[in-house]
Amino acid sequence: MDRLILLRHGKAEPDSASGDDFDRRLAARGVRESAAMGENLADLGMKPDLALVSPAARTRETWAAAQPVFAGAEVRFEKELYLADAGSIRQAAEKAGKACRTVMVVGHNPGLQELAVDLLTEGQAPAALIARAARHFPPAAAAVFLIDANGRPAFDGLFYPERGD
5 MDRLILLRHG KAEPDSASGD DFDRRLAARG VRESAAMGEN LADLGMKPDL
55 ALVSPAARTR ETWAAAQPVF AGAEVRFEKE LYLADAGSIR QAAEKAGKAC
105 RTVMVVGHNP GLQELAVDLL TEGQAPAALI ARAARHFPPA AAAVFLIDAN
155 GRPAFDGLFY PERGD
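Numbering (our numbering), first residue to last: 5 to 169.
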């Protein structure tokens, strides 16, 4: 794996019809921001070969909104990514990354945010950047890292959705 993209699901509805967190869907804003983040990443040449997506409704819908600009990307819905911790997310990405260059993980906080902060810290990013990511990693945010041959991360971008409403 040469690049890792962490994409938090878009803004979700507060409740689902079933009452189950797993079934919460994206709000209209979440669909718009997820699509816009996908376009932004693609415009910058940050396109996944493989997307690992939590099977929850809101993460599946985030991928569906972003996917049109990632033609040819393989997708795998991985049940262990649902509300996974930072270590589990990293392990899944590293395992999948043995067979491709760019891996995207579409998942949930707090695990996704914690992994972003861990990778920023490990990659010796500026303290202000680490503090920003630790303080705020909103829905539809993305953190991107280059991964060297020894598995060490280097910061390649931190992107927050533009709030139009």
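Positions of the beta carbon are idealized from the N, C-alpha and C atoms, including for glycine.
K51 is classed as buried because its beta carbon has at least 16 other beta carbons within 10 Å across all chains shown. Around the beta-carbon of G42, 16 or more other beta-carbon atoms lie within 10 Å, marking it buried. Counting along the chain, the unbroken beta strand (DSSP E) around D160 starts and ends at P157 to F163. At a cut-off of 4 residues, the continuous stretches assigned as alpha helix (DSSP H) that sit fully inside the stretch 29-96 are 32-47 and 61-70. Residue environment for G76: exposed (fewer than 16 other C-beta atoms within 10 angstroms of its C-beta). When beta bridges are read from the DSSP output, L10 appears opposite V109 and A147.
Under the DSSP definition of a beta bridge, A120 lacks any partner.
Two segments are said to touch when three or more pairs of C-beta atoms, one from each, lie closer than 8 Å; by this definition the stretch 81-96 does not touch the stretch 126-146. F163 is positioned such that its CB atom lies closer than 8 Å to that of A146. Exclusion of the five residues before and after G115 leaves L87, A88, D89, A90, S92 and I93 as the residues of its chain whose Cβ lies within less than 8 Å of its Cβ.
With respect to A97, R12 sits apart: the two C-beta atoms are not nearer than 8 Å. Between R29 and A46, the C-beta spacing is not below 8 Å.
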